[in-house]
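Reading the sequence shown from the start, the letters are residues 5 to 591 in this note's numbering.
Contents: one structure, followed by commentary.
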Amino acid sequence: MTSLIFRPADSLIFFMSQLQAKSTAAGNRALNISTNSAAATAVDAVVVGAGFGGLYMLHRLRQLGLSVRGFERGADVGGTWYWNRYPGARCDVESMQYSFSFSEDLQQEWRWGERFASQPEILAYAKHVAERFDLRRDIQFGCSVSAARYDEATALWEIDTDQGERLQTRFCIMATGCLSATRMPDIAGLELFGGKTYHTGLWPHEGVDFAGLRVGVIGTGSSGIQCIPVIAQQAGHLSVFQRTANFSIPAGNGPMDDDYERSWKDNYSALRRKAREDTSSGTIYEKSTLKGHEANPDERQREYERRWQRGGGNFMHAFNDLLLDQRSNDTAADFVRARIRSIVRNPAVADMLSPTDHPIGTKRICIDTDYYETYNRDNVTLVDVRTAPIERITATGLQTRDAHYELDSMVFATGYDAMTGALLGIDITGRGGETLAHAWQAGPKTYLGLMTAGFPNLFTVTGPGSPSVLSSVIFSIEQHVEWIADCLESMRSRGFNTIEPEAAAQEQWVAHVNEVADRTLFPLANSWYMGANIPGKPRVFMPYVGGVVPYRQKCDEVAANGYEGFRLSQAGPGLQHTGNLTNQQET
Ligand code: NA7
């Protein structure tokens, strides 16, 4: 890879020059200036989060020669994969594709053990990336950013951490993750429960031994569907409290096949290009040119059967209109419901497990190992809490309208305040004292999912309004990080230090995101894509469903047209472009 890098000193001279002028005037050193009488460190960029987004962002900013500080609330790297240690946690994108492509050496040397990697393996990969690129030394672990305020006078962000530190930065990059703010339902009596409670997204590091216990799992999204079969094998008895049935496809997981691995590694550059140029989600699936409802019923059945046997997300690509045409979608949904009936021996249980309230794929499709089979076990009970809702938690278990369930442990697989929860968990104040919470009160508004008007130099990696959770997230992280890094490099070479979306461009993008979503079946589901799982959260379709190829084209065009739709400026007095910034080095 060839990239241009700048000498660190140059970048600081440029991006911090205004700060330097002010601080020198105040009699302080350039990078250690006084703010409200507390010493504040100053850096070019702060990166919040050390999941895959934060790690790669840090790496790229360093390559640009910028001074960077990373903050991570966990004790180590990994983000979502650091916290989600529940039994059975596994990626639903194939291992050979769920990895960074930016380093040929990295993608060649890392060896995945399974077709779909487990959480421990993905965490090991994140640690390997951190070590390989020496990233940990710039990250403060066990430390959350609690507030970020934009100072219009200096065009700098003032960052507060929960450790009492305050620092200033020109750029603030939020790599806080789409699924990182866990959600506990508001069920009365939780504090009375005498047993142990767990949330799948905050699992104890030492693991949990459920042997012989009466366990309750609340929630049957991806996390529930992955952990239920594993917990069922350990527990004395498992009660699954299901409010909404979800569609799940068997993973067909197994040890990585050496030939399969080789076929990817020998062709990685072409395959990664294909992912960028010829997929909807950044993951290569076997695409179809046929419409589902037009296909001959026997052929259609064979095609679904073939893909079911092969396993994984490929199933939803059996026809090219499954998420666009209800008639086609119904054929896929009917196939899965028939499979559920054929696997689950008790017809009443099979019926309860068969989703009927949303088109298949409009909630994130689950990928499982032995999920439906688990309901044939004698020690597993499925409880329908849609018809008989949970009323309260008691000292010894859970009370629904119809019965009391005695439990020793309760697992909340109840999901996340997705896409906006982690960002809005930080007190972010932009231009004119406007808070992000207020700017997004009717739903998140961004330009390209990258920035929000009124919040200069604040970037969001895989933010709402970008493909994010509708794509393979590492794929989208790479695209965003590279776009942001190129943007900063371009700003520096052109003498700008501030970038912010124009309100009109943002409005147009938000309208486009909604319009594209409305052309699909996605808005028909009460999904976390819509914020529907959080009481009071605005119902807005948050990710961009138009596909990664048009999205990337749009981002690239915007950049090629001088960051069209963004306002670039050289904020504050006394900031001069210094000629020595043109000293570039090839790597
Ligand atoms: P999800 O997909 O948001 O699933 C949460 C589940 O918890 C879902 O079945 C909910 O039912 C259920 N839930 C939430 N609150 C309650 C209450 N109060 N009572 C009963 N059931 C409840 O989260 P996951 O962690 O499984 O998956 C998130 C993503 O992570 C996933 O899509 C992958 O991308 C990885 P509901 O549907 O709201 O009726």
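Glycine included, each C-beta is placed from N, C-alpha and C at the ideal position.
CA-CA distance, residue i and residue j?
i, j, result
"His422", "Trp532", "The sequence as given places Ala at residue 422; His does not occur at that position. Cα to Cα, the separation comes out at about 6 Å."
"Phe443", "Lys449", "Here residue 443 turns out to be Ala, not Phe, going by the sequence shown. Cα to Cα, Ala443 sits roughly 8 Å from Lys449."
"Ile229", "Asp109", "35 Å"
"Asp80", "Val50", "17 Å"
"Phe120", "Tyr154", "42 Å"
"Glu281", "Ile538", "35 Å"
"Cys370", "Val340", "12 Å"
"Gly58", "Phe137", "13 Å"
"Val353", "Tyr379", "8 Å"
"Ala337", "Val520", "23 Å"
"Val465", "Val212", "33 Å"
"Ala159", "Ile481", "26 Å"
"Gly436", "Ala575", "15 Å"
"Trp312", "Asp96", "15 Å"
"Pro301", "Phe459", "53 Å"
"Val221", "Ala239", "11 Å"
"Met547", "Arg368", "Note that residue 547 corresponds to Pro in the displayed sequence, not to Met. Whole-angstrom Cα-Cα distance: 12 Å."
"Tyr90", "Gly453", "30 Å"
"Asn333", "Gly193", "41 Å"
"Phe479", "Lys291", "19 Å"
"Gly216", "Glu410", "14 Å"
"Gly256", "Glu118", "11 Å"
"Thr224", "Thr360", "14 Å"
Between which residues of its own chain and residue i is the CB-CB distance below 6 Å, once the five residues before and five after are set aside?
i, result
"Ser184", "Thr84 and Ala426"
"Gly78", "Tyr86"
"Ala457", "Pro505, Ala507 and Gln510"
"His180", "It should be noted that the sequence gives Thr, not His, for residue 180. Once the five neighbours on either side are set aside, the close Cβ partners of Thr180 are Val52, Gly53, Ala426 and Leu427."
"Arg381", "Ala236"
"Arg571", "Glu504 and Glu506"
"Thr385", "Ser243"
Could you please give the first and the last residue of the uninterrupted alpha helix (DSSP H) stretch that includes residue i?
i, result
"His241", "Premise fails: His241 lies in the beta strand (DSSP E), His241 to Gln246, not in any alpha helix (DSSP H)."
"Tyr129", "Gln123 to Arg136"
"Ser497", "Val477 to Arg498"
"Leu275", "Tyr272 to Glu281"
"Trp268", "Asp262 to Lys269"
"Phe339", "Gln330 to Ile347"
"Leu386", "Note, Leu386: premise wrong, no alpha helix (DSSP H); beta strand (DSSP E) at Val384 to Asp388."
Output the boundary residues of the beta strand (DSSP E) element that contains residue i.
i, result
"Pro505", "Thr502 to Pro505"
"Cys176", "Arg170 to Met178"
"Lys558", "From DSSP, Lys558 is part of no beta strand (DSSP E) but of the alpha helix (DSSP H) over Val552 to Ala564."
"Thr464", "Leu462 to Thr464"
"Pro351", "From DSSP, Pro351 is part of no beta strand (DSSP E) but of the alpha helix (DSSP H) over Pro351 to Leu357."
"Phe145", "Ile143 to Phe145"
"Phe75", "Val72 to Glu76"
"Leu402", "Gly401 to Thr404"
"Phe416", "Ser413 to Phe416"
"His408", "His408 to Glu410"
From the DSSP output, in three-state form, read off residue i for me.
i, result
"Cys231", "helix"
"Arg218", "strand"
"Cys370", "strand"
"His321", "helix"
"Met61", "helix"
"Gly296", "helix"
"Tyr154", "strand"
"Glu290", "coil"
"Ser226", "helix"
"Ile430", "coil"
"Glu118", "strand"
"Pro527", "helix"
"Tyr375", "helix"
"Asp80", "coil"
"Phe570", "strand"
"Thr45", "strand"
Can you list, in chain order, the residues of its chain whose CB lies under 7 Å from that of residue i, leaving out five sequence neighbours each side?
i, result
"Arg331", "His297"
"Leu196", "Ile397, Thr398 and Ala399"
"Thr2", "Shown here, the chain extends from 5 to 591; a query on residue 2 therefore has no answer."
"Thr186", "His203, Gly205, Leu206 and Tyr420"
"Arg405", "Ala392, Pro393 and Glu395"
"Ser573", "Phe500 and Thr502"
"Glu446", "Strictly speaking, residue 446 in this sequence is Ala, with Glu absent from that position. Hits under 7 Å: Pro542."
"Arg264", "Note that residue 264 is Tyr in the sequence shown here, rather than Arg. Excluding sequence neighbours, Tyr264 sits near nothing in its chain."
Spatial neighbours of residue i within its chain, please: C-beta separation below 8 Å, excluding the five flanking residues on both sides.
i, result
"Pro233", "Gly92, Asp372, Thr373, Asp374, Tyr375, Glu377 and Thr378"
"Thr293", "Asn324"
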